[in-house]
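The next block holds one structure in the form of C-alpha cells; read it before the comments.
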Amino acid sequence: MSFTIAEIAQHINGKIVGDPNYIICGVGTLSSATSTQLSFLSNNKYKKFLSESKAGVIIVGEGLANSVNTNAIEVANPYVAYAKAATFICVDEKQLAKIHHTAWIDDSASIGANVSIGPNVSIAENVTIANNVRIAAGTVIEHDVSIAESSDVRANVTICYGSKIGAHVLIHPGVVIGADGFGIANDNGRWIKVPQLGSVVISDYVEIGANTTIDRGAIDDTFIAEGVKLDNQIQIAHNVKIGKHTVIAGCVGIAGSTTIGENCAVGGGSGVAGHLDIADGVQLMGMSMVTKSIRTSGVYSSGIPSEPSHTWQRNIARYRQLDKLFDRVKALEVTEKPQS
Amino acid sequence: MSFTIAEIAQHINGKIVGDPNYIICGVGTLSSATSTQLSFLSNNKYKKFLSESKAGVIIVGEGLANSVNTNAIEVANPYVAYAKAATFICVDEKQLAKIHHTAWIDDSASIGANVSIGPNVSIAENVTIANNVRIAAGTVIEHDVSIAESSDVRANVTICYGSKIGAHVLIHPGVVIGADGFGIANDNGRWIKVPQLGSVVISDYVEIGANTTIDRGAIDDTFIAEGVKLDNQIQIAHNVKIGKHTVIAGCVGIAGSTTIGENCAVGGGSGVAGHLDIADGVQLMGMSMVTKSIRTSGVYSSGIPSEPSHTWQRNIARYRQLDKLFDRVKALEVTEKPQS
Amino acid sequence: MSFTIAEIAQHINGKIVGDPNYIICGVGTLSSATSTQLSFLSNNKYKKFLSESKAGVIIVGEGLANSVNTNAIEVANPYVAYAKAATFICVDEKQLAKIHHTAWIDDSASIGANVSIGPNVSIAENVTIANNVRIAAGTVIEHDVSIAESSDVRANVTICYGSKIGAHVLIHPGVVIGADGFGIANDNGRWIKVPQLGSVVISDYVEIGANTTIDRGAIDDTFIAEGVKLDNQIQIAHNVKIGKHTVIAGCVGIAGSTTIGENCAVGGGSGVAGHLDIADGVQLMGMSMVTKSIRTSGVYSSGIPSEPSHTWQRNIARYRQLDKLFDRVKALEVTEKPQS
Numbered sequence: 001m002s003f004t005i006a007e008i009a010q011h012i013n014g015k016i017v018g019d020p021n022y023i024i025c026g027v028g029t030l031s032s033a034t035s036t037q038l039s040f041l042s043n044n045k046y047k048k049f050l051s052e053s054k055a056g057v058i059i060v061g062e063g064l065a066n067s068v069n070t071n072a073i074e075v076a077n078p079y080v081a082y083a084k085a086a087t088f089i090c091v092d093e094k095q096l097a098k099i100h101h102t103a104w105i106d107d108s109a110s111i112g113a114n115v116s117i118g119p120n121v122s123i124a125e126n127v128t129i130a131n132n133v134r135i136a137a138g139t140v141i142e143h144d145v146s147i148a149e150s151s152d153v154r155a156n157v158t159i160c161y162g163s164k165i166g167a168h169v170l171i172h173p174g175v176v177i178g179a180d181g182f183g184i185a186n187d188n189g190r191w192i193k194v195p196q197l198g199s200v201v202i203s204d205y206v207e208i209g210a211n212t213t214i215d216r217g218a219i220d221d222t223f224i225a226e227g228v229k230l231d232n233q234i235q236i237a238h239n240v241k242i243g244k245h246t247v248i249a250g251c252v253g254i255a256g257s258t259t260i261g262e263n264c265a266v267g268g269g270s271g272v273a274g275h276l277d278i279a280d281g282v283q284l285m286g287m288s289m290v291t292k293s294i295r296t297s298g299v300y301s302s303g304i305p306s307e308p309s310h311t312w313q314r315n316i317a318r319y320r321q322l323d324k325l326f327d328r329v330k331a332l333e334v335t336e337k338p339q340s
Numbered sequence: 001m002s003f004t005i006a007e008i009a010q011h012i013n014g015k016i017v018g019d020p021n022y023i024i025c026g027v028g029t030l031s032s033a034t035s036t037q038l039s040f041l042s043n044n045k046y047k048k049f050l051s052e053s054k055a056g057v058i059i060v061g062e063g064l065a066n067s068v069n070t071n072a073i074e075v076a077n078p079y080v081a082y083a084k085a086a087t088f089i090c091v092d093e094k095q096l097a098k099i100h101h102t103a104w105i106d107d108s109a110s111i112g113a114n115v116s117i118g119p120n121v122s123i124a125e126n127v128t129i130a131n132n133v134r135i136a137a138g139t140v141i142e143h144d145v146s147i148a149e150s151s152d153v154r155a156n157v158t159i160c161y162g163s164k165i166g167a168h169v170l171i172h173p174g175v176v177i178g179a180d181g182f183g184i185a186n187d188n189g190r191w192i193k194v195p196q197l198g199s200v201v202i203s204d205y206v207e208i209g210a211n212t213t214i215d216r217g218a219i220d221d222t223f224i225a226e227g228v229k230l231d232n233q234i235q236i237a238h239n240v241k242i243g244k245h246t247v248i249a250g251c252v253g254i255a256g257s258t259t260i261g262e263n264c265a266v267g268g269g270s271g272v273a274g275h276l277d278i279a280d281g282v283q284l285m286g287m288s289m290v291t292k293s294i295r296t297s298g299v300y301s302s303g304i305p306s307e308p309s310h311t312w313q314r315n316i317a318r319y320r321q322l323d324k325l326f327d328r329v330k331a332l333e334v335t336e337k338p339q340s
Numbered sequence: 001m002s003f004t005i006a007e008i009a010q011h012i013n014g015k016i017v018g019d020p021n022y023i024i025c026g027v028g029t030l031s032s033a034t035s036t037q038l039s040f041l042s043n044n045k046y047k048k049f050l051s052e053s054k055a056g057v058i059i060v061g062e063g064l065a066n067s068v069n070t071n072a073i074e075v076a077n078p079y080v081a082y083a084k085a086a087t088f089i090c091v092d093e094k095q096l097a098k099i100h101h102t103a104w105i106d107d108s109a110s111i112g113a114n115v116s117i118g119p120n121v122s123i124a125e126n127v128t129i130a131n132n133v134r135i136a137a138g139t140v141i142e143h144d145v146s147i148a149e150s151s152d153v154r155a156n157v158t159i160c161y162g163s164k165i166g167a168h169v170l171i172h173p174g175v176v177i178g179a180d181g182f183g184i185a186n187d188n189g190r191w192i193k194v195p196q197l198g199s200v201v202i203s204d205y206v207e208i209g210a211n212t213t214i215d216r217g218a219i220d221d222t223f224i225a226e227g228v229k230l231d232n233q234i235q236i237a238h239n240v241k242i243g244k245h246t247v248i249a250g251c252v253g254i255a256g257s258t259t260i261g262e263n264c265a266v267g268g269g270s271g272v273a274g275h276l277d278i279a280d281g282v283q284l285m286g287m288s289m290v291t292k293s294i295r296t297s298g299v300y301s302s303g304i305p306s307e308p309s310h311t312w313q314r315n316i317a318r319y320r321q322l323d324k325l326f327d328r329v330k331a332l333e334v335t336e337k338p339q340s
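From first to last, the protein sequence lines stand for chains U, Y and D.
Per the UniProt record's numbering, residue 1 is the first one in the first sequence, and the count goes up by one each step.
Per the UniProt record's numbering, residue 1 is the first one in the second sequence, and the count goes up by one each step.
Per the UniProt record's numbering, residue 1 is the first one in the third sequence, and the count goes up by one each step.
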C-alpha cells in the first residue's frame, strides 16, 4: 500500500521535516531502505548510518531531523512510532473469512461471524469461537475450549480441553496450551500420576511464541495476565501466574506454582524454580538461575560469561580451591595479629 | 461423580476421622476447596491453611486429624493418597471408542479393539495399535510403529517409523519420537550425514511431556525404561538410555549415548554431556551442568544463583582475578615464613 | 541390501585387508555387529572392542587392520567412511512418489516432478515445490513458500508464508520456520507489536532438528547458510545469520540480529545474546553463556560443572565473600610493606 508522509505522520502523531506529499510504500533498515521506503533510528548504535541512508523518510527522536539527509518525522519514541507506521503501511488486516472444506468442526461447536478456519483443523465438542478469530491449518482445538474475539491461532497449534483464550491473543505455530502439568507422586518407588484437573486462562492481548508450552493447573488454573508477551520455546509449568505486561524471552523455563509479577522482563534461557514469588518490575538478565523469591524490583543476573577454555579451566580450578584459600588468608591474619 | 468419604477412604486405605457418609464430588486446594470438595496437606508450608479450610474432607498424615476443623482421612503418604483419590473422584476413564471419519489409516495397519482415533490422524503402513489405545487429533504415526495396550497419544504428536511404544504410555501434544539423531561427519570441511539406523524403544508406564523430543539411535536403539516420567521441552539424543523410574523435569537436554541410571531425578534446565554414565539414585538440582560421569548416588548441583546485577558484576570481576589473588597470598606466605 | 566388501571399499575409497568377496548386508557397533554386518572404529576409546568384534568387516584408520580379527577396510577418516558405507548399504533413496488423497493443495501451487506429499498436508496459495521433494504427513506449507529440489520435509512441520527453502534440505518433525520474531515496543507501559516483515532463507544442504524454531526477520531476512546443521529444540531469533558449515547442538538459543560465522560449533544448551558477532571457526563448549562478541577463532567455555551439593553450597558462599577476601589480602599486604 502507498501513503504520503503526511498520512503516516498523522497516524503516529509526528512532526514532518521535509515533503509531506512524498509517497512511501514500504519499510527498510537504515542501510537497506530504498527511496520509496520508510526507516527509523531508535538505537544510537546505528546513528552512523543516518546520513548515508537512502530511505524516503526516517522516523527519528525529537531534535534529530537535522542529522537526516532525506525527509524526517520526529517523534517522542521512534521505536513505538516505527511499530505503528510499519503496521499502518505493511499489514493488511482484511482477510477473506473462510472455513476450509477440509476442516472438521463438531456440530456442537459455536463459531462466530467472520471466522477463518484453515485446512485440516479440528474443532471438538462444545468449543466456542468468537467473531473475527482466525485458526490456521493443522491446529487442534479440543473440547470445551473458548477463544474470544479477534484472536489469531496459527498453524499446528494444540489447545487442550477446557482452556480459555482471551481476545486479541496471538498464538504461533507449534504452541501447546493445556497439556498436563508434571504432577507425580512416589508410591513405594513407582511414580503415579496426580491428575491435572485445573485449566489454563490466557488473558487478552497475550502473544505466545512458536513451540512454547503452557501446562494446565493441577487443581486451580495456570494464569497468564493481559498484555503478557512470550517468545519461542518457553515452558510454563502448572499453576504458574504471570502478571500484566510481563515479557519473557526465548528458552525460559518457569517451574510449577511460581508467580511472576507485572511489568517484569525475563531474559532468554533463564530458569525460575518452583513455588517462588517474583516481585513486579523485576528484570532478569539472560540465563538467570533463580532459586529464591525476589521481593524487590530491580535488575538481577547470574552465570559467568564464556571465556577462552584455557582460562576457564584455570578459573574453575581456583574456584574449587577457594575454601583452602580462605583458610590460608585466615592463617596469615592470625600470624599477623600477634606482631601488631 | 459423587462418593462418600467412606468410599474414598476405602480406595486410599485411610482412617476416617469424621462422618463416613458425607458426600464429596470434587477436589480443591486447602484455600479454594468448598464444602463438597476433598483437599489434602502434604507440604508443611501450607499447614497454616489447615484450620481455615472449608473443604468437606482433608487427607492428612497420621496423627494430624485433630488439626482439621472438618472431616479428615489420615494416611501414611498424603500426596500419593490425594493422587489416588483425585483420580477416583474426577477421572472418568470410560470414553467412547471411535475412529474419526477424517483419520487416514493404511489398510496394512492393525488396529485393536476399543481404539479411539481422532480427526486428521494419519496411520501409515504396517502400524500395530493394541487394544484400548487412544490417538488424538492431528497425530502422525509413521510406518512400522507399534503401540501397546492402553497407551494414550495426544494431539499433534509425531511418532517416526519403527518406534516401539509400550503399554500405558502417555504422550503429550507436540512430542516427536524417533527423529534422526544428530549424526554428522566432517568430510574435508563439509558435514555429511551419518544415517540414523536405530530406533526408539519406550517402555511401559512412561509419560512424555509436551514438545519433548526423543531421537532414534544411530545404530542401536535409544531406550526409555519402565516408569520413566519426562516433563515438557526435553531433548533426549540418540542412543541415550534412561533407567527405570527416573524423572526428568522440563527443558533438560541429554546428549548422545549417555546413560542415566534408575530412580534418578534431573532438575529442570539441566544439561548432561554425551557418552557419560550417571549412577542409579543420582539427584541433579535445577540447571545442573554435567560434564563428567557420576559414579555415586547423591545430590549434585551447579551454577551460581542470581543476585542483583551490580554485585553480580563485582563478583565476576573478582572471580577473574582469582589467579592473581592466589599469587598474592602465596607471596604473603613466603614473606611470612622467614619471620617465623 | 547386500554388497561385497570390494563394492563397499570401492565406494569409500578404502584398502581391503581380508576377503573382497565377503558379503555384507547391514551395520552394527563393534560390540553388537554380527558376521554379516559392517562396523567401524573412529573413537580410540572403543579400541578395546576391536579384537573381540564379531563384525564381518571393520572400517579402521590406516595401519590398524592388523588389530582386527576379521576383514578390515583401511581409510583415512573412518567416521566419514562409515557414514558413506552405511548410507550405501542401508539407505534406499528410491521411494514411490505419491500425492496422498487427503492432502490439500491449492490450485495456484506449483508442484514439480516426482514429488511425494503425505496425508493431511496442506499447501497454500502460490507455493512452489521443486522436483523430488518429499513432504510428510500433517505438514503445513503456507502461501508463497518455495522449496527447492530434493528437499525432505518431515511430519507436522510448519513453514510460514514467504519462507525460502533451498535444495537438499532436511527438516525434521515439529520444526517451525518463519514464525514472527519477538518484536515488541513499550508504548507507555503496554507492549505493542512490531510487525515482522522479513522472511527466512534456508540455503542448500541444511539440516534442521525436531522442534527447532527459526523466526522470520523484522525487516530483512533471517539467513541460514549452506551446509549448516542444527540439532533439536534450538531457537534462532529474527535476523540471525549463521555462516556456512556451522553446526549447533540441541537446546541452543541465538538471540536476535546475532551473526555466527562459518565453520563454528556451538555446544548444546548454549545461549548467545543479541546483536553480537561470533567469528569464523569459534567453538563454544556446552552450556556456554555468550554476552559479548567473539572476534577470534578458538575454543570458549563457561559455567562451573556440577559437584556434590554440600561442596557446591560451600563454594558459592566463598564466592560471595570474595570481595571481602580481596580486602583482607590487601590489608595483609599493607601491613606487610612497612615491615620490609
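Cβ atoms here follow ideal geometry from the backbone N, Cα and C, with glycine treated the same way.
1. Anyone know if the C-beta pair for L38 of chain Y and L30 of chain Y falls short of 8 Å?
2. Does E207 of chain Y pass the burial test, meaning 16 or more other C-beta atoms within 10 Å, or should it be called exposed?
3. Which residues of the stretch 183-216 of chain Y have a Cβ closer than 8 Å to any Cβ of chain D? Give them in chain order.
4. I'd like the ranges of any beta strand (DSSP E) spanning at least 3 consecutive residues and lying wholly in the stretch 110-182 of chain D.
5. Should A72 of chain U go down as buried or exposed, given a rule of 16 or more other Cβ atoms within 10 Å for buried?
6. Which residue or residues does DSSP assign as beta-bridge partners of G269 of chain Y?
7. Is it the case that the Cβ atoms of H275 of chain Y and T296 of chain Y are separated by a distance below 8 Å?
8. Name the chain Y residues that come within less than 8 Å of M287 of chain D, Cβ to Cβ?
9. For V145 of chain D, decide whether its Cβ has a neighbour in chain U, counting only Cβ atoms nearer than 8 Å.
10. Out of Y:G269, Y:T102 and Y:I177, which one is the CA nearest neighbour of S203 of chain Y?
11. S110 of chain Y to T128 of chain Y, Cα distance in whole Å?
12. Between A55 of chain Y and the rest of its own chain, which residues show a CB-CB distance below 8 Å, the 5 nearest in sequence each way excluded?
13. Alpha carbon to alpha carbon, how far is A210 of chain D from P305 of chain U? Give it in angstroms, no decimals.
14. Where does N71 of chain Y fall in DSSP's three states?
15. Do you know how far the Cα of I159 of chain Y is from the Cα of A103 of chain Y?
16. Can you tell me which residues form a DSSP beta bridge with T259 of chain D?
17. Pick out whichever of U:A9, U:R320 and U:G118 has its Cα sitting closest to the Cα of N156 of chain U.
18. From this set, Y:H245, Y:G298 and Y:I236, which residue's C-alpha is nearest V272 of chain Y's C-alpha?
19. For a quick check, are the C-beta atoms of G243 of chain U and G268 of chain U less than 8 Å apart?
20. Under 8 Å, with one C-beta from each stretch per pair, do the stretch 219-230 of chain Y and the stretch 216-236 of chain D reach the 3-pair mark?
21. Out of curiosity, what's the CA-to-CA distance linking L325 of chain D and K15 of chain Y?
22. How is the beta strand (DSSP E) around K84 of chain D delimited, first residue to last?
23. Please compile the residues from chain D whose C-beta is within a distance smaller than 8 Å of the C-beta of C160 of chain Y.
24. Less than 8 Å between CB atoms is the rule here; does H11 of chain D satisfy it with respect to chain Y?
25. Under 8 Å between beta-carbons, which chain Y residues line up against G112 of chain D? List them in chain order, please.
26. Taking S67 of chain Y and S51 of chain Y to be in contact with their CB atoms under 8 Å, please state how far apart those CB atoms are, rounded to whole angstroms.
27. Going by Cα to Cα distance, which pick from U:A76, U:N43, U:Y82 and U:K47 is closest to I5 of chain U?
28. Identify which residue in Y:C251, Y:R154 and Y:F49 has its Cα closest to the Cα of I141 of chain U.
29. Under 8 Å between C-beta atoms, does Y319 of chain D make it to chain U?
30. Three-state secondary structure (DSSP) at S340 of chain Y?
31. For I184 of chain U, report the span of its beta strand (DSSP E) as first-last.
32. Is it buried or exposed, E74 of chain Y, if we count other Cβ atoms within 10 angstroms and call 16 or more buried?
33. Quick check: G138 of chain U and G138 of chain D, are their CB atoms within less than 8 Å of each other?
34. Starting from the Cα of N263 of chain Y, find the closest Cα among Y:A124, Y:R318 and Y:E226 and give me that residue.
On the basis of the coordinates in this document:
1. Against the second sequence, residue 38 of chain Y aligns to sequence position 38. Against the second sequence, residue 30 of chain Y aligns to sequence position 30. Result no, Cβ atoms of L38 of chain Y and L30 of chain Y do not sit closer than 8 Å.
2. The count along the second sequence starts at 1 and reaches residue 207 of chain Y at position 207. Answer is buried; the Cβ neighbour count reaches 16.
3. G183, I184, A185, N186, D187, G189, R190, W191, I192, K193, V194, P195, L197, N211, T213 and D215
4. 176-179
5. Within the first sequence, the letter at position 72 stands for residue 72 of chain U. Burial call: buried.
6. Here residue 269 of chain Y corresponds to residue number 269 of the second sequence, with the count starting at 1. DSSP, once it has assigned bridges, lists no residue as partnering G269 of chain Y.
7. If you number the second sequence from 1, residue 275 of chain Y lands on position 275. If you number the second sequence from 1, residue 296 of chain Y lands on position 296. Against a cut-off of 8 Å, the Cβ pair of T296 of chain Y and H275 of chain Y comes out as no contact.
8. Translated into the one-based positions of the third sequence, residue 287 of chain D becomes position 287. Going along chain Y in sequence order, the residues near M287 of chain D (Cβ under 8 Å) are G271 and M289.
9. Numbered from its first residue, the third sequence carries residue 145 of chain D at position 145. No, because no Cβ of chain U sits closer than 8 Å to the Cβ of V145 of chain D.
10. As a working mapping, residue 203 of chain Y is identified with position 203 in the second sequence. Comparing Cα-Cα distances from S203 of chain Y to each of Y:G269, Y:T102 and Y:I177, the minimum goes to Y:I177.
11. Position 110 of the second sequence, counting from 1, holds the residue named residue 110 of chain Y. Position 128 of the second sequence, counting from 1, holds the residue named residue 128 of chain Y. Cα to Cα, S110 of chain Y sits roughly 5 Å from T128 of chain Y.
12. For the purposes of this step, residue 55 of chain Y is taken as the residue at position 55 of the second sequence. Closer than 8 Å at the Cβ level, and outside the excluded window around A55 of chain Y, lie G28, L30, A33, T34, S35, Q37, L38, S39 and T70.
13. One-based indexing of the first sequence puts residue 305 of chain U at position 305. One-based indexing of the third sequence puts residue 210 of chain D at position 210. Roughly 28 Å separates the two Cα atoms.
14. As a working note, residue 71 of chain Y is residue 71 in the second sequence. Looking at N71 of chain Y - three-state DSSP - the assignment turns out to be strand.
15. As a working note, residue 103 of chain Y is residue 103 in the second sequence. As a working note, residue 159 of chain Y is residue 159 in the second sequence. For A103 of chain Y and I159 of chain Y, the distance between alpha carbons rounds to 16 Å.
16. Here the question's residue 259 of chain D lines up with position 259 in the third sequence. The partner list for T259 of chain D (beta bridge, DSSP) reads D:K241 and D:D277.
17. Locating residue 156 of chain U in the first sequence gives position 156, counting from the first residue. Among U:A9, U:R320 and U:G118, the Cα nearest to that of N156 of chain U is on U:G118.
18. Residue mapping note: residue 272 of chain Y aligns to position 272 of the second sequence, counting from 1. Of Y:H245, Y:G298 and Y:I236, the residue nearest in Cα terms is Y:I236.
19. Within the first sequence, the letter at position 243 stands for residue 243 of chain U. Within the first sequence, the letter at position 268 stands for residue 268 of chain U. It is not a contact, given that the beta carbons lie outside the stated cut-off.
20. no
21. Reading the third sequence from its first residue, position 325 is the one you call residue 325 of chain D. Reading the second sequence from its first residue, position 15 is the one you call residue 15 of chain Y. The alpha-carbon atoms of L325 of chain D and K15 of chain Y are separated by roughly 58 Å.
22. For the purposes of this step, residue 84 of chain D is taken as the residue at position 84 of the third sequence. Careful: K84 of chain D lies outside any beta strand (DSSP E), inside the alpha helix (DSSP H) at P78 to C90.
23. In the second sequence, residue 160 of chain Y corresponds to position 160, counting from 1. By Cβ distance, chain D contributes R154, A155 and P173.
24. The residue you call residue 11 of chain D lines up with position 11 of the third sequence. Closer than 8 Å: no.
25. The residue labelled residue 112 of chain D in the question sits at position 112 within the third sequence. Simply none; closest approach about 23 Å.
26. Within the second sequence, numbered from 1, the residue matching residue 67 of chain Y stands at position 67. Within the second sequence, numbered from 1, the residue matching residue 51 of chain Y stands at position 51. S67 of chain Y to S51 of chain Y, Cβ: 7 Å. Contact.
27. One-based indexing of the first sequence puts residue 5 of chain U at position 5. Looking at the Cα atoms, U:Y82 is the closest of the given residues.
28. As a first step, residue 141 of chain U must be located in the first sequence, where it is residue number 141. The shortest C-alpha separation from I141 of chain U is found at Y:R154.
29. The residue you call residue 319 of chain D lines up with position 319 of the third sequence. Closer than 8 Å to some Cβ of chain U, the Cβ of Y319 of chain D qualifies, so yes.
30. On the second sequence, position 340 is the one that residue 340 of chain Y refers to. Legend: pLDDT at S340 of chain Y = 45, less than 50; position of this residue unreliable, value from coordinates given subsequently. S340 of chain Y falls in the coil class under three-state DSSP.
31. Here residue 184 of chain U is taken as the residue at index 184 of the first sequence, counted from 1. I184 to D187 is the extent of the beta strand (DSSP E) around I184 of chain U.
32. For the purposes of this step, residue 74 of chain Y is taken as the residue at position 74 of the second sequence. Answer is buried; the Cβ neighbour count reaches 16.
33. By one-based count along the first sequence, residue 138 of chain U stands at place 138. By one-based count along the third sequence, residue 138 of chain D stands at place 138. Closer than 8 Å, so yes.
34. For the purposes of this step, residue 263 of chain Y is taken as residue 263 along the second sequence, with counting starting at 1. Selected option, being the one with the closest Cα: Y:E226.
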